[in-house]
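Under the working numbering, think of the first position of the sequence shown as 468, with each following residue one higher.
In this text, a Cβ means the ideal position worked out from N, Cα and C, and glycines have one as well.
Notes follow the structure.
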Amino acid sequence: MTTVMHDNTQADAYRAVLSEKDFRRLSGFIHNECGIKMPEAKKVLLESRLRKRLRVLGMRSYSEYCDYLFSPEGTNSELVHMIDVVTTNKTDFFREPRHFDYLVRTALPELISRYGATIRRKYIVWSAGCSTGEEPYTLAMVLSEFAEKQHGFYFSILATDISTRVLQNAGLGIYKEDSVAPVPAALRMKYLLRSRDRNKNLVRIVHELRSLIKFRRLNFMGSDFGMKEPVDIIFCRNVIIYFDRPTQERLLNRFCHHLVPGGYLFMGHSETLSGMNIPLQTAGQMVYRKQV
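Right under this line is the structure:
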């Protein structure tokens, strides 16, 4: 009997339709909780992504799911899963490579000329919206190479995301071989380990590089970012495009609060600061520097 009911519930979940009322409830909640805008055009996308949660929870309708999500128990236990399925996670190794060239040729030398490079002064780089880890591991490779040539340069990387699912994958540092194709051959040889089972076509980031990165869950809408020290460089690329303009401006000002004077913010090619009241000045293509 239990099996039959489970099968019926699964079938109901497949047939469930997200009503306008429940879409408004969910889209408003997602915006308030995560800052992500969810216009009417994304209704079908939201319905599709949440359907898997209905099946997992054995629910027959989105109304039932909403009632659970907005209950004290559901907010505590389901919120993190809901965020995991509605957030978009797309990234690559060495994405927008000109940013990494600018980092080592311009940004770091300018910061070192201002703050120096000694063991007492560790530079902090923040990958904000790190997804499955390709960006922070790229940063770790680039910064490690820079440190070999720049005496006294020490660094650490903070990598944050709102999705616990992608953070778990990022922490493992395991990727398919074809996904590391953008990594230069010399760096692949130095920082990647191939699986002993060649049929799996997997590679893993070496331990020395993984140890340079601290992965942590962070919701940009939270009241406290938990930063104990100022940050020198922030990579937040193709993240704020999911927020409305007022949320973008508030978030970028919070970033600036944590940046050292003269610190750098790297953003995605489709993002703009035009018309915002933010203490940043253009330093390069989608590169900004905090006013000194």
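Exposed or buried, what is Asn705 when buried is set at 16 or more other beta-carbons lying within 10 Å of its beta-carbon? buried
Contacts around Thr470, its chain only, beta-carbon distance under 6 angstroms, and the 5 residues preceding and following it disregarded: In this predicted model, Thr470 has a pLDDT of only 33, less than 50, meaning its place in the structure is not dependable enough to derive any value.
Opposing strand residues paired with Arg671 [DSSP bridges]: Ile641 and Leu660
Here's the rule: buried if 16 or more other CB atoms are within 10 angstroms of the residue's CB, otherwise exposed. What is Glu507? exposed
Determine, using beta carbons only, whether Leu625 and Trp593 come nearer to each other than 7 angstroms. yes
Residues sharing a beta bridge with Arg684, DSSP: Asp628
Can the beta-carbon of Phe567 be found closer than 7 angstroms to that of Val609? yes
For His736, which residues from the same chain have a beta carbon less than 7 angstroms from its beta carbon, with the 5 sequence-adjacent residues on both sides left out? Glu563 and Met753
Skipping 5 residues on each side, what residues in its chain have a beta carbon closer than 7 angstroms to that of His548? Arg520
Should Ile745 go down as buried or exposed, given a rule of 16 or more other Cβ atoms within 10 Å for buried? buried
When DSSP labels each residue in this structure, what does Val727 get in the three-state scheme? strand
Just the Cα atoms here: how many angstroms apart are Ser763 and Gly525? This structure cannot settle anything about residue 763, because the visible part of the chain is limited to 468 through 759.
Bridge partners - Leu732, DSSP secondary structure assignment: Ile701 and Tyr755
Around the C-beta of Lys757, are 16 or more other C-beta atoms found within 10 angstroms, so that it is buried, or is it exposed? buried
Bridge partners for Ser538 per DSSP, in chain order? The partner list for Ser538 (beta bridge, DSSP) is empty, contrary to what the question assumes.
Hey, could you find the ends of the alpha helix (DSSP H) Val609 is sitting in? Glu601 to Lys616
Three-state secondary structure (DSSP) at Thr739? coil
Boundaries of the beta strand (DSSP E) in which Tyr590 is found, first to last residue: Lys589 to Ala595
What is the C-beta distance between Ala483 and Tyr535, in whole angstroms, given that I count them as a contact (C-beta under 8 angstroms)? With a Cβ gap of about 14 angstroms, Ala483 and Tyr535 do not count as contacting.
For the region 566-584 and the region 669-676, state whether three or more C-beta atom pairs, one from each stretch, are separated by less than 8 angstroms. no
For a quick check, are the C-beta atoms of Asn636 and Thr605 less than 7 angstroms apart? no
Quick one, which of Leu732, Gly638, Thr631 and Asn543 has its alpha-carbon nearest Pro603's? Gly638
Looking at the structure shown, is Ala750 part of a helix, part of a strand, or coil, going by DSSP? strand
CB of Pro714 within 7 angstroms of CB of Gly502, strictly: It should be noted that the sequence gives Thr, not Pro, for residue 714. Going by C-beta atoms, Thr714 is nearer than 7 angstroms to Gly502.
I'd like the list of long-range same chain contacts for Asn720, defined as Cβ closer than 7 angstroms, with 5 residues on each side in sequence excluded. Ile745
For Pro697, which residues of its own chain have a beta-carbon under 8 angstroms away from its beta-carbon, when the five flanking residues on both sides are left out? Ile591, His725, Leu726, Val727 and Gly730
Looking at the structure shown, is Phe622 part of a helix, part of a strand, or coil, going by DSSP? strand
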